[in-house]
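Protein sequence lines, in the order shown, are assigned to chains W and X.
Add 7 to a position in the first sequence, counting from 1, and you land on the number used in our numbering.
Add 58 to a position in the second sequence, counting from 1, and you land on the number used in our numbering.
The C-beta atom is built at its ideal place from N, Cα and C for all residues, glycine as well.
Please read all numbers here as calculations on a predicted model, not as lab measurements.
To start, the structure itself, in structure tokens.
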Amino acid sequence: MLYIPGNNPAMIQQAGVYGCDAVLLDLEDAVALNQKDAARILVRNMLKTVNFYDTEVCVRVNNFHTPFGLTDLEEIVPLQPDNIRFPKTETVADVKEFMKEVRRIEKEHGIKNPTMTIHVMIETAKGVANVYDIAAADPRIDAITIGGQDLTADMGIIKTPDGVGIDYARKRIVMAGKANDLDVLDTIFADVNDDEGLREETEYIKKIGFAGKALINPRQVDVVHDVFNPTENEVRKAYRVYSEFIKNKKAGIGVFAIDGKMVDAPVVQRAITVLEYAKIDLKEIEKNAG
Amino acid sequence: MKNAIGVEIPEYIEGLGKLEPFQGVWKSIIEDEVPSTNISRTLKAKKPHVSKLCKNLEEAVKRCKPFDGMTVTCHHHLRGGDGVLMQTIKILDEMGIKDITLASSSLTSAHDGLVSYVEKGMITRIFTSGIRGALGDAISVGKLKYPAIIHSHGGRVRDFLTGRIKPDLSVLAASAADEEGNATGAHGPSAFGSMGYADIDARYSRNVIIVTDNLVEYPCVPCTVRQHFIDYVVKVDSIGDATKIASGTTRITNSPMDLRIARIAATVIEHSGLFKNGMSFQVGAGGASLAVAKFLREDMKRKNIIGSFMIGGVTSYGVDMLNEGLFHSIFDVQSFDAAVSSSVLNNPNHIEISCDQYANPNNCGSMTNKLDVVVLGALEVDVDFNVNVITGSSGEIRGASGGHSDTASGANLTVVVCPAFRGRLPIVKDRVHTVVTPGESVDVIVTERGVCVNPAKPNLAAKLKEAGVQVVDIRDLKEEVEKMTGVPAEKKLGDQIVGLVEYRDGTIIDVIYNVKNLS
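The structure is reproduced here in structure tokens:
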């Protein structure tokens with residue numbers, strides 16, 4: 008997910024062409040206090056006019072405890088971007104208050120079947136402590152994300168390249184997200200010239216369960232995709248596992264072997280994840296296996 | 059008379075003679091022997107053991123017996139650091155020489171000083187592959203007596219061989235030379251690499267002066283330009299601004315947009331059917347085009363592809379790919395950065411070639427004819443795939459034809475990379491302001507908003523679509539961009555012809571009219 012400052016029209020109009028899966032149009036930290044109104048108006052108008060192609064569009068509004076949060080919602084919610092991000096979520100009560108306003112605005116605008124989902128962002132120690140409850144606080148939440156910069160500031164520590172200071176928070180947030188079937192997204196990598204560092208960090212967060220990463224420069228897109236995209240061999244293997252699973256399932260067999268290695272439900276689940284990353288239609292495999 | 063792309067071409071222009079209209083990329087190229095008035099080498103002689111060394115450039119120029127109406131040539135291997143062309147013109151001016159035809163292989167920002175000589179009529183004709191800066195502005199508003207002729211690199215060689223350009227005096231800078239005029243750009247403190255353009259001037263000019271800041275013991279080895287063509291040799295303190303001659307190592311752009319376009323272009327190449335062992339490749343030195351080399355390099359490593367050769371203007375990035383074994387060899391007509399010089403000097407697979415071998419349409423072994431893939435830039439493109447690389451958004455002359463049309467004509471796959479819009483200006487037009495490379499020779503235009511495939515290449519379009527490339531109709535792309543940018547107003551130009559774009563076969567492909575107001 009590529010972060011784009013909400014007050015930068017040139018970047019917003021190009022947001023859909025960089026090949027990232029999602030863009031975040033930011034009204035919060037990337038925008039100076041005296042630019043908040045301008046950014047809100049710009050993002051509102053750009054949402055109406057810019058072609059983002061297949062890129063998912065998320066808008067990060069300001070927190071309710073600022074003078075801008077509610078006004079942001081009033082302008083953005085009626086346009087129903089793919090998702091809206093609620094920053095510095097600390098408690099279930101925060102989510103409830105936020106969602107109450109979202110639903111009110113949708114109702115006032117006659118939006119009966121809202122499509123917009125909610126991303127909650129955990130950026131404080133209190134938020135980390137409450138994350139399990141936050142993740143389950145509303146059915147429209149479909150992703151949870153960690154804000155590393157604010158979290159380290161809140162903890163009074165420096166964010167180090169090895170990320171040791173936020174490691175517990177990362178893992179706790181992943182667990183909370185997985186427990187509620189949410190996508191879990193990692194924080195930014197600040198050094199845009201350090202591709203190797205970005206690759207290392209992305210490989211790590213992939214291993215511990217994150218589904219994606221926040222980016223601050225389009226140049227970072229390829230590295231993150233490269234890490235998350237399965238290799239050709241992984242896809243072939245997953246295809247074979249799923250295909251054999253379908254055949255065996257029809258024969259009433261739950262556990263079987265491929266090349267002498269046991270394939271059970273968790274192995275099949277991992278194969279499905281790989282195939283989904285590779286954007287391969289499971290139904291096609293089912294049809295072919297049948 | 060109208061040419062094949064519908065441009066009205068005058069039949070005759072005073073001072074330049076009869077013009078032939080462009081008929082198509084290969085229509086006027088006759089295979090095997092071409093019936094024409096070919097120019098033979100000038101007969102020259104020197105008595106034994108007579109020194110060619112002159113105490114300064116002024117003495118050398120005087121010994122060449124300059125005259126009014128003569129043609130003077132230089133090369134542009136010194137890029138923006140060239141100090142030799144301006145010195146030569148100043149000397150000729152001080153001698154009272156007038157009505158000069160300047161036929162330098164290209165003109166850069168180092169030649170802004172030519173404006174005053176154009177204004178006073180000392181220079182009246184210009185043949186070149188590129189004009190930029192203040193000189194481009196001056197010509198655009200009509201200050202040059204006769205229209206400037208913009209030719210391609212290959213077309214320049216052809217112009218020499220047919221006598222369209224008849225050089226009387228060529229002053230050629232070298233980074234090392236000996237007393238007989240054996241000269242090179244590959245070694246010495248001001249090393250600039252290949253002397254591929256200068257080699258032609260040395261062979262066909264009536265008088266040739268080698269200017270060097272590094273006179274070495276005889277013989278200068280290795281050397282490019284050979285002594286039997288050279289009349290005089292001059293040792294000078296400086297051949298120009300060393301910092302601009304040896305401009306360091308070419309870097310890959312940091313621009314996310316250029317990188318994105320380059321990534322898409324590399325994907326196009328990968329799925330074109332030409333991405334295989336033995337592939338030959340050329341890429342430009344700037345922005346998105348050089349960045350394609352970065353991605354191609356990664357893709358070649360990933361797929362274990364070993365290419366045959368790279369050609370053209372060579373960057374240190376190309377040299378890195380050679381050294382990594384990704385290509386077997388480099389054919390180098392022009393070196394874009396200082397790091398290339400040592401490779402020219404030391405690597406036997408880095409082969410210096412003349413512009414004749416590089417791109418001349420009238421020989422039997424032009425390297426551009428063996429090219430698989432070329433990636434080129436553009437100032438503008440149009441819905442007929444024509445490309446403009448010479449005039450800017452106000453109609454002013456500010457670019458270079460270079461080897462654009464040469465490589466496009468020969469390559470199996472010509473990929474043009476450009477953003478869909480720059481600032482508020484759409485880059486895809488109904489008709490480009492000036493056609494340098496005809497759409498007939500362009501296969502693919504790659505922008506960040508989609509890939510346009512020439513309708514003449516339906517199989518290529520099908521391959522790319524199958525590979526998941528976002529192929530779009532060029533007219534749809536134009537419409538989409540214009541929704542964002544609006545349609546710019548038509549440029550209001552004058553009726554004075556200030557430039558002619560000569561296609562590589564010597565025909566005229568487009569005409570440049572004067573700009574009334576250049577802000």
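Inset, instruction - Measure from the C-beta of residue 139 of chain W to each C-beta in chain C and report whether the shortest distance is under 9 Å. - result: Chain labels in this structure do not include chain C; the protein chains are W and X.
Inset, instruction - Please list the residues of the segment 299-328 of chain X that have a C-beta atom closer than 8 Å to any C-beta atom in chain W, keeping them in chain order. - result: 312, 314, 315, 317, 318 and 321
Inset, instruction - Tell whether a beta-carbon distance below 9 Å holds between residue 607 of chain X and residue 231 of chain X. - result: Only positions 59 to 577 of chain X appear in this structure, which leaves residue 607 of chain X out of reach.
Legend entry - Classification of residue 180 of chain X by the beta-carbon crowding that lies within 10 angstroms, buried from 16 upward: Position 122 of the second sequence, counting from 1, holds the residue named residue 180 of chain X. Residue 180 of chain X comes out buried.
Inset, instruction - Could you give the DSSP three-state label for residue 357 of chain X: helix, strand or coil? - result: Walking along the second sequence from the start, residue 357 of chain X turns up at place 299. Helix, per DSSP.
Legend entry - DSSP state of residue 447 of chain X mapped onto helix, strand, coil: Position 389 of the second sequence, counting from 1, holds the residue named residue 447 of chain X. If DSSP states are grouped into helix, strand and coil, residue 447 of chain X belongs with coil.
Inset, instruction - With DSSP as the reference, label residue 190 of chain X as helix, strand or coil. - result: Counting from 1 along the second sequence, the entry for residue 190 of chain X is found at position 132. Coil at residue 190 of chain X, not helix or strand.
Inset, instruction - Give the residues of chain W in contact with residue 538 of chain X, contact being defined as C-beta atoms less than 9 Å apart. - result: One-based indexing of the second sequence puts residue 538 of chain X at position 480. By Cβ distance, chain W contributes 58.
Inset, instruction - Below 8 Å on the Cβ atoms is my guess for residue 144 of chain X versus residue 188 of chain X; work out the distance and round it to an integer in Å. - result: Residue 144 of chain X sits at position 86 when you count from the first residue of the second sequence. Residue 188 of chain X sits at position 130 when you count from the first residue of the second sequence. Residue 144 of chain X to residue 188 of chain X, Cβ: 16 Å. No contact.
Inset, instruction - Name the residue from X:268, X:359, X:132 and X:501 whose alpha carbon lies nearest to the alpha carbon of residue 529 of chain X. - result: For the purposes of this step, residue 529 of chain X is taken as the residue at position 471 of the second sequence. When only C-alpha atoms are compared, the closest one is X:501.
Legend entry - Length of the line joining the Cα atoms of residue 462 of chain X and residue 494 of chain X: Walking along the second sequence from the start, residue 462 of chain X turns up at place 404. Walking along the second sequence from the start, residue 494 of chain X turns up at place 436. Approximately 8 Å between the Cα atoms of the pair.
Inset, instruction - Starting from residue 193 of chain W, follow the beta strand (DSSP E) in both directions and report where the run begins and ends. - result: As a first step, residue 193 of chain W must be located in the first sequence, where it is residue number 186. Unbroken beta strand (DSSP E) run through residue 193 of chain W: 190-193.
Inset, instruction - Determine, using beta carbons only, whether residue 506 of chain X comes closer than 9 Å to chain W. - result: If you number the second sequence from 1, residue 506 of chain X lands on position 448. Chain W, which has a Cβ nearer than 9 Å to the Cβ of residue 506 of chain X, makes this yes.
Inset, instruction - Check whether the Cβ atoms of residue 102 of chain X and residue 289 of chain X sit closer than 9 Å, and answer yes or no. - result: By 1-based counting over the second sequence, the position of residue 102 of chain X is 44. By 1-based counting over the second sequence, the position of residue 289 of chain X is 231. In this structure, residue 289 of chain X lies closer than 9 Å to residue 102 of chain X by Cβ.
Legend entry - Assigned exposure category for residue 175 of chain X - 16 Cβ within 10 Å defines buried: Within the second sequence, the letter at position 117 stands for residue 175 of chain X. Looking at its Cβ environment, which holds 16 or more other Cβ atoms inside 10 Å, residue 175 of chain X is buried.
Inset, instruction - With 9 Å as the C-beta to C-beta threshold (strictly closer), list the residues of the segment 515-548 of chain X near chain W in chain order. - result: 528, 538, 541 and 542
Legend entry - Beta-carbon gap between residue 151 of chain W and residue 128 of chain W smaller than 9 Å: Here residue 151 of chain W refers to the residue found at position 144 of the first sequence. Here residue 128 of chain W refers to the residue found at position 121 of the first sequence. A contact, by the Cβ cut-off of 9 Å.
Legend entry - Within chain X, the residues that residue 368 of chain W reaches when beta carbons sit closer than 9 Å: Since the first residue shown for chain W is 8 and the last is 297, residue 368 of chain W is missing from the structure and cannot be characterised.
Legend entry - Where residue 240 of chain W sits in the DSSP three-state scheme: In the first sequence, the residue the question calls residue 240 of chain W occupies position 233. Residue 240 of chain W: helix per DSSP, three-state reduction.
Legend entry - Stretch-stretch touch, CB-based, cutoff 8 Å, three pairs: the segment 382-396 of chain X with the segment 242-258 of chain X: yes
Legend entry - Residues near residue 201 of chain X in its chain [Cβ-Cβ closer than 8 Å; skip 5 each side]: Residue 201 of chain X sits at position 143 when you count from the first residue of the second sequence. Result list for residue 201 of chain X: 173, 176 and 177, in chain order.
Legend entry - Nearest-angstrom beta carbon gap, residue 539 of chain X and residue 522 of chain X [assumed within contact, 8 Å]: For the purposes of this step, residue 522 of chain X is taken as the residue at position 464 of the second sequence. For the purposes of this step, residue 539 of chain X is taken as the residue at position 481 of the second sequence. At roughly 20 Å, the Cβ-Cβ gap does not stay under 8 Å, so residue 522 of chain X and residue 539 of chain X are not in contact.
Inset, instruction - Let me know the secondary structure DSSP gives residue 413 of chain X once reduced to three states. - result: Here residue 413 of chain X refers to the residue found at position 355 of the second sequence. If DSSP states are grouped into helix, strand and coil, residue 413 of chain X belongs with the helices.
Inset, instruction - Can you check DSSP and say which residues form a bridge with residue 381 of chain X? - result: On the second sequence, residue 381 of chain X is found 323 positions in, with the first residue counted as 1. DSSP lists no partner for residue 381 of chain X.
Legend entry - Contacts around residue 550 of chain X, its chain only, beta-carbon distance under 7 Å, and the 5 residues preceding and following it disregarded: Against the second sequence, residue 550 of chain X aligns to sequence position 492. Correct list, in chain order: 574.
Legend entry - Buried or exposed (CB count within 10 angstroms, at least 16 for buried), residue 276 of chain W: Counting from one through the first sequence, the residue named residue 276 of chain W turns up at place 269. The residue is exposed, with fewer than 16 neighbouring Cβ atoms inside 10 Å.
Inset, instruction - Taking residue 26 of chain W as the query, report the chain X residues whose CB atoms sit under 7 Å from its CB, ordered along the chain. - result: As a working mapping, residue 26 of chain W is identified with position 19 in the first sequence. Under the 7 Å cutoff, chain X gives 318.
Legend entry - Of the listed residues X:429, X:491 and X:218, nearest to residue 450 of chain X (C-alpha basis): Numbered from 1 along the second sequence, position 392 holds the residue referred to as residue 450 of chain X. Residue 450 of chain X has its Cα closest to that of X:491, out of X:429, X:491 and X:218.
Inset, instruction - Pull up the distance between the alpha-carbon of residue 89 of chain W and that of residue 27 of chain W, whole angstroms please. - result: Start at 1 with the first residue of the first sequence, and residue 89 of chain W comes out as number 82. Start at 1 with the first residue of the first sequence, and residue 27 of chain W comes out as number 20. The straight-line gap from Cα to Cα measures roughly 15 Å.
Inset, instruction - Just the C-alpha distance for residue 42 of chain W and residue 55 of chain W, rounded to the nearest angstrom, thanks. - result: Residue mapping note: residue 42 of chain W aligns to position 35 of the first sequence, counting from 1. Residue mapping note: residue 55 of chain W aligns to position 48 of the first sequence, counting from 1. Using only the alpha carbons, I get a separation of about 20 Å.
Legend entry - From X:423, X:410, X:110 and X:445, residue whose alpha carbon lies closest to that of residue 282 of chain X: Here residue 282 of chain X corresponds to residue number 224 of the second sequence, with the count starting at 1. The option with the nearest alpha carbon to residue 282 of chain X is X:410.
Inset, instruction - Please classify residue 134 of chain W: is it buried, with 16 or more other beta-carbons within 10 angstroms of its beta-carbon, or exposed? - result: Translated into positions along the first sequence, residue 134 of chain W becomes position 127. When all chains shown are included, residue 134 of chain W counts as buried.
Inset, instruction - Using a Cβ-Cβ cut-off of 9 Å, state whether residue 224 of chain W counts as contacting chain X. - result: Here residue 224 of chain W corresponds to residue number 217 of the first sequence, with the count starting at 1. Yes, contact with chain X.
Legend entry - Cβ pair count under 8 Å reaching 3, the segment 107-127 of chain W against the segment 91-98 of chain W: yes
Inset, instruction - List the residues of chain X that residue 89 of chain W touches, going by C-beta distances under 9 Å, in chain order. - result: One-based indexing of the first sequence puts residue 89 of chain W at position 82. Result: empty, since nearest Cβ-Cβ is about 20 Å, beyond 9 Å.
Legend entry - residue 188 of chain W versus W:172, W:208, W:205 and W:216, residue with shortest Cα-Cα distance: On the first sequence, residue 188 of chain W is found 181 positions in, with the first residue counted as 1. Comparing Cα-Cα distances from residue 188 of chain W to each of W:172, W:208, W:205 and W:216, the minimum goes to W:216.
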